[in-house]
Each structure stands twice: as C-alpha cells, then as structure tokens.
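Asks: One structure coming up, written as structure tokens, with questions to follow.
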Amino acid sequence: MTQNKAVLSWIDEMKALVEPKDILWIDGSEKQADALRKIACASGELEALNPEKFPNCYLHRTAVNDVARVEGRTFICTRKKEDAGNINNWMDPVECYEKLSKLYKGSYRGKTMYVIPYSMGVVGSSFSKIGIELTDSIYVVLNMLIMTRVGPEVLEALGDNPDFVKGLHATANCDAENRYICHFPEDNTIWSVNSAYGGNVLLGKKCFALRIASYLGRKEGWMAEHMLILGIEFPNGEIKYVSAAFPSACGKTNLAMMIPPEVYKKKGYKVWTVGDDIAWIRVGEDGRLWAMNPENGFFGVAPGTNEHSNYNALMTTKKNCIFTNVGHDLSDNTVWWEGLNDNPPKNAINWKGEVWDYKKYDKADKINTSCAHPNSRFTAMASNCPCLSSEFASPKGVPLSAIIFGGRRAKTAPLVYESRSWQHGAFVGSIMASETTAAAAGALGVVRRDPMAMRPFVGYDMGDYWQHWLDMGKKIPNPPKIFHVNWFRTDDEGHFIWPGFGDNMRVVLWILARCAGKVDAVESPIGYLPKPEDINIEGLDGVTVDTIKELVTIDRKSWLEDVENIKEFYKQVGARVPKEFYTELETLETNLKA
Ligand code: GTP
Ligand code: SPV
Ligand code: MN
Numbered sequence: 402m403t404q405n406k407a408v409l410s411w412i413d414e415m416k417a418l419v420e421p422k423d424i425l426w427i428d429g430s431e432k433q434a435d436a437l438r439k440i441a442c443a444s445g446e447l448e449a450l451n452p453e454k455f456p457n458c459y460l461h462r463t464a465v466n467d468v469a470r471v472e473g474r475t476f477i478c479t480r481k482k483e484d485a486g487n488i489n490n491w492m493d494p495v496e497c498y499e500k501l502s503k504l505y506k507g508s509y510r511g512k513t514m515y516v517i518p519y520s521m522g523v524v525g526s527s528f529s530k531i532g533i534e535l536t537d538s539i540y541v542v543l544n545m546l547i548m549t550r551v552g553p554e555v556l557e558a559l560g561d562n563p564d565f566v567k568g569l570h571a572t573a574n575c576d577a578e579n580r581y582i583c584h585f586p587e588d589n590t591i592w593s594v595n596s597a598y599g600g601n602v603l604l605g606k607k608c609f610a611l612r613i614a615s616y617l618g619r620k621e622g623w624m625a626e627h628m629l630i631l632g633i634e635f636p637n638g639e640i641k642y643v644s645a646a647f648p649s650a651c652g653k654t655n656l657a658m659m660i661p662p663e664v665y666k667k668k669g670y671k672v673w674t675v676g677d678d679i680a681w682i683r684v685g686e687d688g689r690l691w692a693m694n695p696e697n698g699f700f701g702v703a704p705g706t707n708e709h710s711n712y713n714a715l716m717t718t719k720k721n722c723i724f725t726n727v728g729h730d731l732s733d734n735t736v737w738w739e740g741l742n743d744n745p746p747k748n749a750i751n752w753k754g755e756v757w758d759y760k761k762y763d764k765a766d767k768i769n770t771s772c773a774h775p776n777s778r779f780t781a782m783a784s785n786c787p788c789l790s791s792e793f794a795s796p797k798g799v800p801l802s803a804i805i806f807g808g809r810r811a812k813t814a815p816l817v818y819e820s821r822s823w824q825h826g827a828f829v830g831s832i833m834a835s836e837t838t839a840a841a842a843g844a845l846g847v848v849r850r851d852p853m854a855m856r857p858f859v860g861y862d863m864g865d866y867w868q869h870w871l872d873m874g875k876k877i878p879n880p881p882k883i884f885h886v887n888w889f890r891t892d893d894e895g896h897f898i899w900p901g902f903g904d905n906m907r908v909v910l911w912i913l914a915r916c917a918g919k920v921d922a923v924e925s926p927i928g929y930l931p932k933p934e935d936i937n938i939e940g941l942d943g944v945t946v947d948t949i950k951e952l953v954t955i956d957r958k959s960w961l962e963d964v965e966n967i968k969e970f971y972k973q974v975g976a977r978v979p980k981e982f983y984t985e986l987e988t989l990e991t992n993l994k995a
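Residues 402 to 995 in the working numbering are what the sequence shown spells out, letter by letter.
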C-alpha cells in the first residue's frame, strides 16, 4: 500500500515484537469492512442487530473490567519527568518501552495484524494529521473506520514523509493489572496494551487528537481541546459558531446536537453540529480563532439518549452503528439502555452478557443492576447526523464567536457567566471543576478540578498548557469571548433546577447576544452575570425569572471554599502555573471578600 520507508520499517519492527500470523492493510472499502464484520459475527465479537430496525448495526461487549478509560494507567512518557508535569502519570520512555515490550511480545500469535492508516481531519488538509494504528482487534478496526478517515488516500497524502503518529494496540489478555495506555509525545508514539475499550484503544481519539496533538499544538502554535463545535443559525440565515469544553459525560454531544425549543424553531433558528468531542483550533488569516473537528464520527454516551433529550444523536445510531455495552432486547433483536424510554425490555441480556431482570434495577447500584453500562456507547457516522453542519468537512474549520467552559456542579457555579478578558477566561478554564462520571474508571460524583475539561488529556505539563493558552491569547487579534456554564445545579431534593438539553439554547443565545454587544450584563465577583430577565424563558414550564435569579446567585461562602481548593490545586500543578493566574486568583478572592 505504501513505499514509505519509515512506515514499512516501523511495521517490520512491531511485527517482530507482536508476531502476528499475517498482516491486513485496512483500505477503507465497504467490501473489506463487510468481510471483517462477518468474521467478527462468526466469532461472537459482534452480534448483528435486527436488519429492518437497525441496518448494518452491531452489538459488542467489552470485558466486564474494561468499560471506561483508565486514568490511573495512562502515562505521558517524556524524557524529563517535569515535562509531563505533576498532574500526569509519568514513566521514563526507555523503561516504559522495555516494560511494555514484554507485554506485547508474541501477543498477536495466531492473530492478524490490522494496519489502519487514518487521517485526523479531512485527508490532505494542511490542518490534518496522519496516524497509523496497528491492532489485533476487528472491533477497533470497525470503530476506527467510523471515527476517522481511513484508506489508501491517507498513505498517498503521507507520501515519503516520516511524520505520522505510530500507534500500537494489543488486546493481549485484557489484564487490568497490566493495562497501560502510554504516550511518547517526543516520538509521536502511542502504546496501548491489555484493553479493548474505546477511549483506551481507538488511538486516533483521546490518545492522538488530544494528548499527542496538545503537545504538537504547543510546539506548532495551535490548540487541541476537548470541545464540541456548534453552529447556531439565526432566522436571517447568519450562522455563529461556538466551541464548548465540558468533562467526559457532561453534555458535549447533547449540546452539539440540541434541538432548539419550539419558540426558537418557530422563528427559524437552527442548530448545526460541527463536532461533539474534540476541536483543533488555530488563528485564521482574519485574526479570529478557527476550529475544526478532526474526527469523522461520534463515540457517544448511550444512557440518557432518547427522542426528547437528543433526537439527532438517536437518529445517528439508526444505521451503520456499533453499540458497546448496551442492553440487548431479545424480543426483537434491538438495543436498550436506561433513559431510552419507559419500557424496559422483559427479555433482555445486560451489558455483562447475563439475563437481565428489569425488576431488580436499582438507581443506587447502576453498575450491577442496569441493563446498559452507565458508560455504554454508540459509534456512529457523522454523516448520519440530521443536523450535521455543511462546514463539517471544511479543511479550515469554522470561526469561533465564543468559547464555553462548563462542569457538572450541584452547587457553586452559576448557570452562566462571562469572563472579563482572554486572560481571565483562561483562568476561568483553569479553575473548572466537575463531578466525576462513569466515563473513567474510579469513584463517581466526586468534585475534582478538571481544567478546560483536559485534566486527563493534556500531553505535557498542566502549567505549560495554561501558559500556552495565555500565549495563544496574544496571537489572536479578534479573540472569542470566554464563558462558563453549569446545567447541573440541583435543589435541596437533588433535582436539576435548569431543564437543560435543548433549552440550553436559551443560554447560548444570551452568550451570542453578549458577543454581538446586544445585551447588558451585571458585574459580579466572578465575572459578568446575565440579568435574570435576559435569559428567555418563554414557553418553559415551571421556570420563572426567580428560578433564573436563583441559578445565577453567587454563594460567596462556597466560592471562597473553592478558592482554597484552587490554591491547593495550583500548588499541586506546581512551579509552571502562570503568574497571571495567581493574580487572577487574588482578584477573585478579593472580590469575594469585598
Ligand atoms: P463524552 O463523550 O464522555 O465526552 O461525554 P459528553 O460530554 O459528550 O456528554 P453527553 O452529551 O453524552 O452527556 C452525558 C450525560 O449527561 C447524558 O446522560 C446526558 O443525558 C446528560 N446531559 C447532557 N446534557 C444535559 C443537560 O443539559 N442537563 C442534564 N441534566 N443532563 C444532561
Ligand atoms: C470521554 O471519556 O471523554 C469520551 C469517551 O469521549 S472516550 O473515547 O472513552 O474517551
Ligand atoms: Mn469526550
């Protein structure tokens, strides 16, 4: 498929390590994909779903101990420990290669090595980057075919260039004790072993498009961010774009595909999806920031997705889709998950592959009693999305009017606030916090600091990453405004106060009105807050101006507690925290105490 010497010699070297019985180059053709699906169905790796209701759709279950990203076993392997920083796990690259080589040794015996040449971003664009993933898993191949752009044109675009990201994945024994997701940013290399779960093994996604790309972005003067990209079309046809960084399972896919509330739909507002998880961002010739989605599909959270919460996402799953760790409704060979509808199947297999008893479902013990795993996912083609933006495949991306940060906070963070400047906005990103979710292994619902929603994804020192944000700010003549949102404030009974989902459009429209200078705001200790009456609540049941007032109230006591927690966190990040952020933190504290 290629004469590229760097590619061929690397594959030879890896072949000698993992010892496959043969090699198959993935060419992106439907014919080849179909042959692989047949093999996977025959071996039980995939189950074909009802061809009438879900044409060309498949169900896959991962090992019970392998259902989410494993941050504790994810490493950044830079030569100098301080370049990986205090927030990342670090291993010496020489030591890591040696240690993992033992796990890889002979791990493909009797298996095929699949070679996947893929492009993040449209093939051949100067903003795109090329990777090659080697894997022993057909599931990985089929997912990569949906999530990235795969085929001979990728190798053509690469030509003789040795500059590609080398990814080696081995399922091995799927041994959790020896699971490693390791990144060598100085070598453009990713090694993943003993997992077969999405975020750990679809190496184009978090490993390349965030960890390696964030490292490259700093070196080359651009940004790789954990952000959705969304266009809002106004009734006059004008489209404004925003990007938003929320931690895993905190609403990116939902916001990226939201359906405008009836009041806006009637007036002609529309929503267009450019991306739902990752944005590569550069300064355009016009002095604005331009964002592009390097992916070609969606690896979305299934539970909670339904006709009302996210109609567009649901529609993307209706054909050519792979479902992972959802429930299997045997009555009609379809899939089911908590929150799909109110009719749990009576004859179903749960995510673990066991007969499921819907009567035993217990919200307090979802992992053991739910039909679908809380982090069960669908892998769907972007082209299936009814609201896919016409700019989705634009090589240069779309210009950003606003950047939005957000987390899952039951208290403290208001519905929305605006930063005072790029520097203050970057600071607001650095102090983000969110309750942990099922997207990563570990405790759930614990508030932790998750700067820019990038805590698990920065491929270098967090302080340097923040400095990069500040440096970028100096290079953008027309920077987007930076905001922070929180859809997840709860009342005393623990219910969400804000309706969320499509109604988040109301907040995004306030944000865009601020960007256009069309609406006032109120100064507060943390930044600019909306006047409660400026968030449009027309057509909303049970939400009054007083509700909005409550949602934008700043509780100084809990904010001051946060300030202490931020100080601790900055200390943990260490010596490279920009001094500007300490100045901003002092201002915040002074404002709160005034
Ligand atoms: P990753 O794919 O892990 O990066 O997640 P994501 O950020 O794309 O999150 P997603 O949109 O899949 O939402 C995750 C969960 O949050 C789902 O269960 C949603 O139903 C829920 N959710 C999303 N938006 C809202 C909202 O506005 N309000 C509330 N209450 N829940 C929401
Ligand atoms: C996330 O966890 O942020 C995801 C899913 O988007 S994964 O690909 O597993 O990282
Ligand atoms: Mn994500």
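For glycine and all other residues, C-beta sits at the position ideal for the given N, C-alpha and C.
Return the CA-CA distance between K667 and G568, expressed in angstroms with no decimal places.
Replies: Looking at the two C-alpha atoms, the distance is approximately 48 Å.
Asks: Please list, in chain order, all residues of the same chain as A834 whose beta carbon is under 6 Å from its beta carbon, the five residues on each side excluded.
Replies: Closer than 6 Å at the Cβ level, and outside the excluded window around A834, lie G808, V848, R850.
Asks: Check this for me: beta carbons of M514 and V408, under 8 Å apart or not?
Replies: Taking 8 Å as the Cβ cut-off, M514 and V408 do not qualify as a contacting pair.
Asks: My guess is that T813 and D677 are in contact by the Cβ rule of under 8 Å, so how many angstroms apart are they, rounded?
Replies: Not quite, the Cβ-Cβ distance comes to about 26 Å (not below 8 Å), so this is no contact.
Asks: Look at the alpha carbon of R957 and the alpha carbon of E951, and state the distance between them as a whole number of angstroms.
Replies: So the alpha carbons of these two residues sit roughly 14 Å apart.
Asks: Helix, strand or coil for M402, going by three-state DSSP, please let me know.
Replies: Residue state, collapsed to three classes: coil.
Asks: Mind checking whether G798 and A703 have CB atoms under 8 Å apart?
Replies: Taking 8 Å as the Cβ cut-off, G798 and A703 do not qualify as a contacting pair.
Asks: Check the DSSP bridge columns for K432 and list the partner residues they point to.
Replies: None; K432 has no bridge partner.
Asks: Opposite Y581 in the DSSP bridges: which residues?
Replies: According to DSSP, Y581 bridges with V594.
Asks: Does the region 654–671 come close enough to the region 905–920 to have 3 or more Cβ pairs within less than 8 Å?
Replies: Yes: at least three Cβ pairs fall under 8 Å.
Asks: What I want to know is whether the C-beta of D851 ends up closer than 7 Å to one or more non-hydrogen atoms of the ligand MN.
Replies: Incorrect: D851 has no Cβ contact closer than 7 Å to the ligand MN.
Asks: Run through DSSP, which three-state label would R470 get?
Replies: Here R470 sits in strand by DSSP.
Asks: Could you check whether the Cβ of G943 sits closer than 7 Å to any heavy atom belonging to the ligand GTP?
Replies: Not under cutoff, so the answer is no.
Asks: Between which two residues does the beta strand (DSSP E) carrying M628 extend?
Replies: Segment: none, M628 is in no beta strand (DSSP E) and carries neither H nor E.
Asks: What is the DSSP secondary structure of R915, reduced to helix, strand or coil?
Replies: Three-state result, R915: helix.
Asks: Ordered along the chain, which non-local residues of its own chain (more than five positions away) have a Cβ less than 7 Å from that of D428?
Replies: Once the five neighbours on either side are set aside, the close Cβ partners of D428 are G552, P553.
Asks: Measuring straight from C-alpha to C-alpha, what distance separates P344 and K980?
Replies: No answer is possible for residue 344: it lies beyond the span of the chain, which begins at 402 and ends at 995.
Asks: Hey, V978 and G864: beta-carbon distance below 8 Å or not?
Replies: For V978 and G864, yes; Cβs fall inside 8 Å.
Asks: Is the region 454–462 close to the region 710–723, with three or more CB pairs under 8 Å?
Replies: In short, these stretches touch, since the Cβ pair count reaches three.
Asks: Classify T572: buried if its beta carbon has 16 or more other beta carbons within 10 angstroms, exposed otherwise.
Replies: Flag for T572 reads buried.
Asks: Verify the contact flag: S410, CB atom, against every heavy atom of the ligand SPV, threshold strictly below 7 Å.
Replies: Incorrect: S410 has no Cβ contact closer than 7 Å to the ligand SPV.
Asks: What's the gap between the Cα of C788 and the Cα of L631?
Replies: Computed Cα separation, rounded: 10 Å.
Asks: At a cut-off of 7 Å, would you count H627 as near the ligand MN, judging by its Cβ distance to the nearest heavy atom?
Replies: Result yes, Cβ under 7 Å from the ligand MN.
Asks: Relative to the C-alpha of V672, which candidate in I660, A464, G846 has its C-alpha closest?
Replies: Residue I660 is the option with its Cα nearest to V672.
Asks: Touch check for the region 616–633 and the region 679–695: three-plus C-beta pairs under 8 Å?
Replies: Yes, the region 616–633 is in contact with the region 679–695.
Asks: Got a sec: does the ligand MN put a non-hydrogen atom nearer than 7 Å to the Cβ of D678?
Replies: Checking every heavy atom of the ligand MN against the Cβ of D678, one is found closer than 7 Å.
Asks: Going residue by residue through the region 895–965, where are the continuous beta strand (DSSP E) segments of at least 3 residues, counting only ones entirely within it?
Replies: You should have 923–925, 928–930.
Asks: For the beta strand (DSSP E) containing F828, list its first residue and its last residue.
Replies: Looking at the DSSP string, F828 is not in any beta strand (DSSP E); the run it does join, the alpha helix (DSSP H), is 823–831.
Asks: Between which two residues does the beta strand (DSSP E) holding F884 run?
Replies: Run containing F884: 882–886, per the beta strand (DSSP E) assignment.
Asks: Which whole runs of the beta strand (DSSP E) in the region 466–553 are 3 residues long or more, in chain order?
Replies: For the region 466–553, whole beta strand (DSSP E) runs of length 3 or above, ordered along the chain, are 475–477, 513–521, 530–536.
Asks: Between I547, S410, F585, R510, which lies nearest to N490 when the distance is taken from Cα to Cα?
Replies: Of I547, S410, F585, R510, the residue nearest in Cα terms is F585.
Asks: Could you check whether A646 and P628 sit closer than 8 Å to each other, using their CB atoms as the reference points?
Replies: Here residue 628 turns out to be Met, not Pro, going by the sequence shown. Yes, Cβ-Cβ distance for M628 and A646 is below 8 Å.
Asks: Leaving out five residues before and five after A749 in sequence, what residues of the same chain have Cβ atoms less than 7 Å from its Cβ?
Replies: Excluding sequence neighbours, A749 sits near G728, H729, D730, L731, W737, W757, C772.
Asks: On the CB-based measure, 16 or more other CB atoms within 10 Å of its CB, does T725 come out buried or exposed?
Replies: Buried, by the Cβ-count rule.
Asks: Check whether the Cβ of N405 lies closer than 8 Å to any Cβ atom in chain B.
Replies: The chain inventory of the structure shown lacks chain B, comprising one protein chain alone.
Asks: Okay, do the region 573–582 and the region 504–522 touch, 3+ Cβ pairs below 8 Å being the bar?
Replies: With a cut-off of 8 Å, the region 504–522 and the region 573–582 count as touching, because enough Cβ pairs lie within range.
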